[in-house]
Structures are given as structure tokens and as C-alpha cells.
Amino acid sequence: MSFTPEVAAALSGASTGQLAYWRSAQAPEPLLAPEHYEPRTRVSYSFRDVVALRTFVYLRSRKVPLQRIRKAVASLRRLGQDEHLSAYDMVSSGQDIEWRLSSGEAVDLTHNPGQQVLAQMVDILAPFVNMQHEDVVDLRRPKPGVSVDPEIRGGFPVIEGTRVPYDLVASLLQDGMAASSIRELYPSVPEEAARGAADFARYVEKFRRPRAVA
Numbered sequence: 000m001s002f003t004p005e006v007a008a009a010l011s012g013a014s015t016g017q018l019a020y021w022r023s024a025q026a027p028e029p030l031l032a033p034e035h036y037e038p039r040t041r042v043s044y045s046f047r048d049v050v051a052l053r054t055f056v057y058l059r060s061r062k063v064p065l066q067r068i069r070k071a072v073a074s075l076r077r078l079g080q081d082e083h084l085s086a087y088d089m090v091s092s093g094q095d096i097e098w099r100l101s102s103g104e105a106v107d108l109t110h111n112p113g114q115q116v117l118a119q120m121v122d123i124l125a126p127f128v129n130m131q132h133e134d135v136v137d138l139r140r141p142k143p144g145v146s147v148d149p150e151i152r153g154g155f156p157v158i159e160g161t162r163v164p165y166d167l168v169a170s171l172l173q174d175g176m177a178a179s180s181i182r183e184l185y186p187s188v189p190e191e192a193a194r195g196a197a198d199f200a201r202y203v204e205k206f207r208r209p210r211a212v213a
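Taking numbering that gives the first Met the number 0, the leading residue of the sequence shown gets 0, the next gets one more, and so forth.
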């Protein structure tokens, strides 16, 4: 299942403007070209794309310049690493970037590319604050009652413990159905989870607004 730019932005902490800039060819090559995107079609992202985007947002929140991030990605490719960028744990060390291989081992990607260094521990899926001083949600549970699991609908946000997409429930509430009535259609969706889906839908809506890119 694919993610619209707004949902990808909401889960990664980027703005839709940043997503557009990072997938553009204004640089020698895009920082991240969406996995499922084809020219002249609607832009959509995969769960792996969202994880990689979240990494970029985290690095930018630690004052790492965008050019350093581009250099880190280029270094990975020069080192023969051609998997999707979500496969690599990239963490900041000052304004430099390291690729974490294990709990104690990492490879420098920007200062002395290829040199092994001590690893730092970072959970990129956990909440953090981005460079605009905004809270970035927990990727695994962005709102109470809403969960994200790559094994369920490709990581698209669903009602916790079910396969029901959050936006399906949120649209019913937006159409005037009471949260207490959702269970009549979806017995596995409790009232509080329905409210969480509506809350997440409102959160996603905020990412339709233009914001500065970097």
C-alpha cells in the first residue's frame, strides 16, 4: 500500500515541500526518489521511503547540513551499498554522519568515508523534535489507537490490532457518524481508537500547508 505525500510527511516529520525538493533533480540526483513513483503519475511513497525520510529529518534536526546528508548517501553508494536507504542506520556525530553497523561498530560517511568508528545508539522510529521545533510522532504508534506495522498493509496506518485503515474510520467520523457507532460497522474498532484515527487525520491535514524547504 502506498502513502500520499501528506501521510509520508506526517509520519516522517518533513514538509511536503521538503519531500518535493528531495525527490527533485535540482541536485545531480534526487536525495530520495519514491520507490513506487513514475513520471507523470501521482506521487506516492512506500513504507521504506518513509523510514529513510524520517532519517533525513532526524539528521537535519541535529543541524547536519543537507549537503552532508547527500555526501553520506553518495559515500554509501561508493562503498558498494545499493540497497534502499531505509536499510542503513545513519546517525549524526556533530555535523558528520555515521553508518551504524552494530551496537558498537559504525562507518564514517562524511569526515573520513569508510573509516570505522564507535557506534552511537539512536532509535529513529521513536519520537523526536525536528528542526522547526515540532514534535515528530512515534512511527510505530503515531496517535493513540493508530499503529504502523510494515507487515500490515505495507505499513499504512491502521486501527491498532486490526487491518482497518485509519482514513476509512476518520472519513466516517467526518461524515457525521458518532465514534460510538463505528463498532456497528467495524466491531474490532473501539471508540477511543476511532477518535485516535480522526486525530491522526487532522494531523495529516496540517501537512497540506506549504512550509520552507531545506
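Backbone N, C-alpha and C fix where the C-beta goes; we use that ideal spot for every residue, glycine too.
Here the structure is a predicted model, which means the values were calculated and not measured.
| task | Would you kindly check if the distance between the Cβ of Tyr57 and the Cβ of Phe2 is under 9 angstroms? | result | No; because the gap between Cβ atoms is not below 9 angstroms, this pair is not in contact.
| Would DSSP call Glu104 helix, strand or coil? | Note: Glu104 maps to strand in three-state DSSP.
| message | Here's a check: name, in chain order, each residue in its chain whose Cβ is nearer than 8 angstroms to the Cβ of Ser23, leaving out the five neighbours to either side. | response | Taken in chain order, the residues that qualify are Pro29.
| Assuming Ala196 contacts Gly160 under a Cβ cut-off of 8 angstroms, what Cβ separation, rounded to an integer in Å, is found between them? | About 13 angstroms; that fails the 8 angstroms criterion.
| task | Reducing DSSP to helix, strand and coil, say where Ile68 ends up. | result | Looking at Ile68 - three-state DSSP - the assignment turns out to be helix.
| field | Three-way DSSP call (helix, strand, coil) for Ser1 in this model | value | The answer is coil: DSSP assigns Ser1 none of H, G, I, E or B.
| task | Please classify Ala32: is it buried, with 16 or more other beta-carbons within 10 angstroms of its beta-carbon, or exposed? | result | Its Cβ having fewer than 16 others within 10 Å, Ala32 is exposed.
| field | DSSP state of Arg99 mapped onto helix, strand, coil | value | Secondary structure at Arg99: strand, using DSSP grouped into helix, strand and coil.
| said: Output needed for Val121: all residues of its chain with C-beta closer than 7 angstroms, excluding positions within five of it in sequence on either side, in chain order. | reply: For Val121, where only same-chain residues beyond five positions count, the Cβ hits under 7 angstroms are Val90.
| Alpha-carbon to alpha-carbon, Met130 and Gln88 | Per the sequence presented here, residue 88 reads as Asp, with Gln not at that position. Using only the alpha carbons, I get a separation of about 20 angstroms.
| field | Own chain partners of Pro156 with C-beta closer than 6 angstroms, once the 5 adjacent residues on each side are dropped | value | The beta carbon of Pro156 sits closer than 6 angstroms to the beta carbons of Val145, Val147 and Tyr165 from its chain, once the five residues preceding and following it are set aside; these are given in chain order.
| query | Can you tell which of Met0, Arg77, Gly16 and Thr40 has the C-alpha that lies nearest to the C-alpha of Val106? | reply | Of the candidates Met0, Arg77, Gly16 and Thr40, the one whose C-alpha sits nearest the C-alpha of Val106 is Arg77.
| Neighbourhood of Leu52 by C-beta, 6 angstroms cutoff - its chain only, sequence neighbours within 5 removed | The answer, listed in chain order, is Ser11 and Ala13.
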